[in-house]
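K.L.:
Chains as they are written, first to last, in the working numbering: chain A, 1 to 252; chain B, 1 to 252. The beta-carbon is built from N, C-alpha and C at its ideal position, and this holds for glycine as well. Got a structure for you, questions after.
2 protein chains.
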Amino acid sequence: MSADHPPAAPGTRFPAPPERAARPAAGPAPANGADAGPKSERTRQRILDAAARTFRDKGYAGTTLNDIAVAALLRAGSIYYHFDSKERLLEEVLDIGIARVSAAVQRAIEALPPDISPTERIRTGIEAHLRSLLYHGEYTSASFRIFGQAPRDVQSRILSRRRAYADYWRHMLREARAAGEIPAERDLGLARMFLFGALNWSVEWYDPEKGALDDFVREAAETCLHGILAPPGAGADGERYAEGAGVVRRER
Amino acid sequence: MSADHPPAAPGTRFPAPPERAARPAAGPAPANGADAGPKSERTRQRILDAAARTFRDKGYAGTTLNDIAVAALLRAGSIYYHFDSKERLLEEVLDIGIARVSAAVQRAIEALPPDISPTERIRTGIEAHLRSLLYHGEYTSASFRIFGQAPRDVQSRILSRRRAYADYWRHMLREARAAGEIPAERDLGLARMFLFGALNWSVEWYDPEKGALDDFVREAAETCLHGILAPPGAGADGERYAEGAGVVRRER
DNA sequence: GAAAAATTCTAACATCCGCTAGAATTCCCC
DNA sequence: GGGGAATTCTAGCGGATGTTAGAATTTTTC
């Protein structure tokens, strides 16, 4: 929005590099573990993180390389040492995003006892999907929020991963129907897209201040599975429909 | 993407104005009805239409005034005769968008018999909302798709109208609960946001080629009201859960 | 601690963007 | 059909943007 780095006064070599800020502390030795790579691979991470957050907040076209650079504590030109272009940066953010959601959901479901019902698998999937979007989900939320803004060729390169994730859900829903837990008339494609819509839209309005994520996620799954109207699956006793139930509870 | 209007060859006055294309046919006399205004108010409309479509497709920051101008069959500078700035153009598109959805939903619901159940009112609202998004809905879909990309001050100026629409739904949901048609434990705020999410996300994927809008809209309401799992409200006979129901019907 | 490799910075280029001034053209009314 | 108003166009300004080249600096290696 504003000029962040005015040109150096002539004679001065460095015009106050943007808060060189605590040179990542480095630690004893990067141990070459999972992500604390060879050396200043750390910078790459910092740029990616900054890009994910900025893309998510300002959109793709609305984000400047300088925005990202400022957030990553370096200058715009330096980004090109780590990434070929703004497009590739976007591509990687999008890719990491779905990969994480996909992994989180799969992991959560595979951790369930093998004989659990398809419905419970779906419920777990919903909760995991939401969690990965809303809890430290800069990549995941960016991935869903700005996919539609990405250039065509980036979209198509990301598409295979997205398709795989969709297939995973398609499969789950079919199993639920095969088990007789989804009525035969229900259009599974539509149901799946509406489910994605309900879940993904939450990044537009969810406010972590407003309540515990656990409660939110549980209630969310309930609403998706049983709809706005229907009674919660468990008890199914008619009393819940008793007159006078119109008291406002904790509506936002 | 590419340079659409190369500078005029010196000596040539007009470098082929971009397909002056069938000067809107004009008709006998504008009759000064609802929207066929005084005179070249028509141009204003053309610009607005082009802006709605382009904003929706490319996002706000991703849209150039030249993009809009090309789609509206004039040059970028001419837009300023009708609108003060790109921001105001956006503002008007967003405003028209919610106004239309809001009006369509309200109209549909008010056309119902007065003694109809809250549930049926909600169902009608869902169908009307979807219809106004998906059928010739350049403004409506733009309004929901790019609101989050709009500059803060534009958002806040649009907010009152959006809030009014949200209140309308809040009211309907409360009445449904008061009538005992929504269980007391259901969080109405969450339900409403999930509903909006499911509906609004449809502009990201709905393909009019894939089937009649009427069928789509009906099935959509059913899914939102009763969830993915529950049986369709009408019959409620258990047979629908019969074994072997896992045949794929018309999944996308 | 010096040489080599890796990383970051500066400065600039070419392009495009939103926007404006003023000339050119078109429209409309009498 | 002539004249004044309405509308559109051209041309360009100032600034921002993605990107690049090469110098400067830091880090690593011996």
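Compare the beta carbon distance of residue 190(B) and residue 173(B) with 8 Å and say whether it is the shorter of the two.
P.N.:
Reading the second sequence from its first residue, position 190 is the one you call residue 190(B). Reading the second sequence from its first residue, position 173 is the one you call residue 173(B). Contact flag unset, no.
K.L.:
How far does the alpha helix (DSSP H) with residue 97(B) in it extend, from its first residue to its last?
P.N.:
Sequence index remark: in the second sequence, residue 97(B) carries index 97 (1-based). Unbroken alpha helix (DSSP H) run through residue 97(B): 86-110.
K.L.:
If you drop the 5 nearest sequence neighbours on each side, which residues of the same chain put their C-beta closer than 6 Å to that of residue 31(B)?
P.N.:
Within the second sequence, the letter at position 31 stands for residue 31(B). Here the model assigns residue 31(B) a pLDDT of 32, short of 50, so the residue's position is not dependable, and the following value carries that caveat. Annotation for residue 31(B): no residue places its beta carbon closer than 6 Å to its own, counting only its chain and skipping 5 residues before and after.
K.L.:
Less than 8 Å between the C-beta atoms of residue 142(A) and residue 97(A), yes or no?
P.N.:
On the first sequence, position 142 is the one that residue 142(A) refers to. On the first sequence, position 97 is the one that residue 97(A) refers to. The answer is yes: Cβ separation under 8 Å.
K.L.:
Please list, in chain order, the chain B residues whose beta carbon lies closer than 7 Å to that of residue 91(A).
P.N.:
Mapped onto the first sequence, residue 91(A) falls at position 91. Under the 7 Å cutoff, chain B gives no residues; its nearest Cβ is about 16 Å from residue 91(A).
K.L.:
Determine, using beta carbons only, whether residue 194(B) comes closer than 8 Å to chain A.
P.N.:
For the purposes of this step, residue 194(B) is identified with residue 194 of the second sequence, where counting begins at 1. At least one chain A Cβ lies under 8 Å of residue 194(B).
K.L.:
Can you tell which of 134(A), 125(A) and 45(A) has the C-alpha that lies nearest to the C-alpha of residue 201(A)?
P.N.:
One-based indexing of the first sequence puts residue 201(A) at position 201. Out of 134(A), 125(A) and 45(A), 134(A) has the C-alpha closest to the C-alpha of residue 201(A).
K.L.:
Helix, strand or coil: which one does DSSP assign to residue 77(A)?
P.N.:
Indexing the first sequence from 1 puts residue 77(A) at position 77. Reduced to three states, the DSSP call for residue 77(A) is helix.
K.L.:
Can you find a CB in chain A that lies within less than 8 Å of the CB of residue 182(B)?
P.N.:
On the second sequence, residue 182(B) is found 182 positions in, with the first residue counted as 1. Yes, residue 182(B) counts as interfacial toward chain A.
K.L.:
Cβ closer than 7 Å: which chain B residues qualify as neighbours of residue 209(A)?
P.N.:
The residue labelled residue 209(A) in the question sits at position 209 within the first sequence. The contacting residues do not exist; residue 209(A) stays about 14 Å from chain B at best.
K.L.:
Relative to chain B, which residues along the stretch 137-166 of chain A have a C-beta separation below 8 Å, given in chain order?
P.N.:
145, 148 and 149
K.L.:
Which full runs of the alpha helix (DSSP H) of 4+ residues lie inside the stretch 112-195 of chain B, going along the chain?
P.N.:
118-134, 138-146 and 152-178
K.L.:
Looking at C-alpha atoms only, which residue of 66(B), 57(B), 114(B) and 73(B) is the closest neighbour of residue 274(B)?
P.N.:
In this structure chain B extends from 1 to 252, so residue 274(B) is not present and cannot be described.
K.L.:
Hey, would you say residue 48(B) sits closer than 8 Å to residue 93(B), going by beta carbons?
P.N.:
Taking the first residue of the second sequence as position 1, residue 48(B) is located at position 48. Taking the first residue of the second sequence as position 1, residue 93(B) is located at position 93. Their beta carbons are under 8 Å apart, which means residue 48(B) touches residue 93(B) by this criterion.
K.L.:
Counting only beta-carbon atoms, is residue 204(B) nearer than 8 Å to chain A?
P.N.:
The residue labelled residue 204(B) in the question sits at position 204 within the second sequence. With 8 Å as the cut-off, residue 204(B) counts as an interface residue toward chain A.
K.L.:
Please state whether DSSP places residue 64(A) in a helix, a strand or coil.
P.N.:
Indexing the first sequence from 1 puts residue 64(A) at position 64. In this structure, residue 64(A) counts as coil in the three-state DSSP scheme.
K.L.:
For residue 121(A), collect the residues of the same chain with a Cβ closer than 7 Å to its Cβ; drop the 5 residues on either side in sequence, then sort them by chain order.
P.N.:
Residue numbering aside, residue 121(A) sits at position 121 when the first sequence is read from its first letter. Leaving aside the five residues that flank residue 121(A) on each side, the residues in its chain whose CB is nearer than 7 Å to its CB run, in chain order, 109, 112 and 172.
K.L.:
Compare the beta carbon distance of residue 263(A) and residue 157(A) with 8 Å and say whether it is the shorter of the two.
P.N.:
Coverage of chain A is limited to positions 1 through 252, which leaves residue 263(A) absent and any answer about it impossible.
K.L.:
Using a threshold of 8 Å, state whether the C-beta atoms of residue 225(A) and residue 227(B) are closer than that.
P.N.:
Residue numbering aside, residue 225(A) sits at position 225 when the first sequence is read from its first letter. Residue numbering aside, residue 227(B) sits at position 227 when the second sequence is read from its first letter. For residue 225(A) and residue 227(B), yes; Cβs fall inside 8 Å.
K.L.:
Can you check which of these residues, 215(A), 159(A), 132(A) and 211(A), is closest to residue 103(A) by C-alpha distance?
P.N.:
In the first sequence, the residue the question calls residue 103(A) occupies position 103. Of the listed residues, the one whose Cα sits closest to residue 103(A) is 132(A).
K.L.:
Do residue 199(A) and residue 130(A) have their C-beta atoms closer together than 8 Å?
P.N.:
Within the first sequence, residue 199(A) is the residue found at index 199, counting from 1. Within the first sequence, residue 130(A) is the residue found at index 130, counting from 1. Contact annotation: residue 199(A) and residue 130(A) have beta-carbon atoms nearer than 8 Å.
K.L.:
What does the Cβ neighbour count give for residue 81(B), buried or exposed, with the cut at 16 atoms within 10 Å?
P.N.:
On the second sequence, residue 81(B) is found 81 positions in, with the first residue counted as 1. Residue 81(B) comes out exposed.
K.L.:
Is there a Cβ of chain A sitting closer than 8 Å to that of residue 197(B), yes or no?
P.N.:
Taking the second sequence and counting its residues from 1, one reaches residue 197(B) at position 197. Yes - at least one Cβ of chain A is within 8 Å of the one on residue 197(B).
K.L.:
Using the three-state DSSP reduction, which class does residue 48(A) fall into: helix, strand or coil?
P.N.:
By 1-based counting over the first sequence, the position of residue 48(A) is 48. Note: residue 48(A) maps to helix in three-state DSSP.
K.L.:
Helix, strand or coil: which one does DSSP assign to residue 216(B)?
P.N.:
Within the second sequence, numbered from 1, the residue matching residue 216(B) stands at position 216. Note: residue 216(B) maps to helix in three-state DSSP.
K.L.:
Taking residue 201(B) as the query, report the chain A residues whose CB atoms sit under 8 Å from its CB, ordered along the chain.
P.N.:
If you number the second sequence from 1, residue 201(B) lands on position 201. Ordered by position in chain A, the residues that pass the 8 Å Cβ test against residue 201(B) are 193, 194, 196, 197, 198, 200 and 201.
K.L.:
Output yes if chain B places a C-beta closer than 8 Å to the C-beta of residue 187(A); else output no.
P.N.:
What you label residue 187(A) is simply residue 187 of the first sequence in a count that begins at 1. At least one chain B Cβ lies under 8 Å of residue 187(A).
K.L.:
According to DSSP, is residue 203(A) part of a helix, a strand, or is it coil?
P.N.:
Counted from its first residue, the first sequence places residue 203(A) at position 203. Residue 203(A) falls in the helix class under three-state DSSP.
K.L.:
Using 8 Å as the limit for Cβ to Cβ distance, is residue 61(A) near chain B?
P.N.:
Working through the first sequence from its first residue, we reach residue 61(A) at position 61. Residue 61(A) counts as touching chain B.
K.L.:
Can you round the beta-carbon distance between residue 154(A) and residue 125(A) to whole angstroms, since I take them to be within the 8 Å contact cut?
P.N.:
The sequence position of residue 154(A) within the first sequence is 154, counting from 1. The sequence position of residue 125(A) within the first sequence is 125, counting from 1. 27 Å between Cβ atoms; not a contact.
K.L.:
Can you list the residues of chain A that residue 71(B) reaches, using a CB-CB cut of under 9 Å?
P.N.:
As a position in the second sequence, residue 71(B) is number 71, starting the count at 1. Under the 9 Å cutoff, chain A gives no residues; its nearest Cβ is about 17 Å from residue 71(B).
K.L.:
Checking contacts by CB at 8 Å: is residue 226(B) closer than that to chain A?
P.N.:
Locating residue 226(B) in the second sequence gives position 226, counting from the first residue. Closer than 8 Å to some Cβ of chain A, the Cβ of residue 226(B) qualifies, so yes.
K.L.:
Decide if residue 15(B) is buried, meaning its Cβ has at least 16 other Cβ atoms within 10 Å, or exposed.
P.N.:
Position 15 of the second sequence, counting from 1, holds the residue named residue 15(B). Because residue 15(B) sits at a pLDDT of 35, beneath the cut-off of 50, its placement in the model cannot be relied upon, and the point is left open.
K.L.:
Go ahead and label residue 167(B) buried or exposed: buried means 16 or more other beta carbons lie within 10 angstroms of its beta carbon, across all protein chains shown.
P.N.:
Locating residue 167(B) in the second sequence gives position 167, counting from the first residue. Exposed is the call here.
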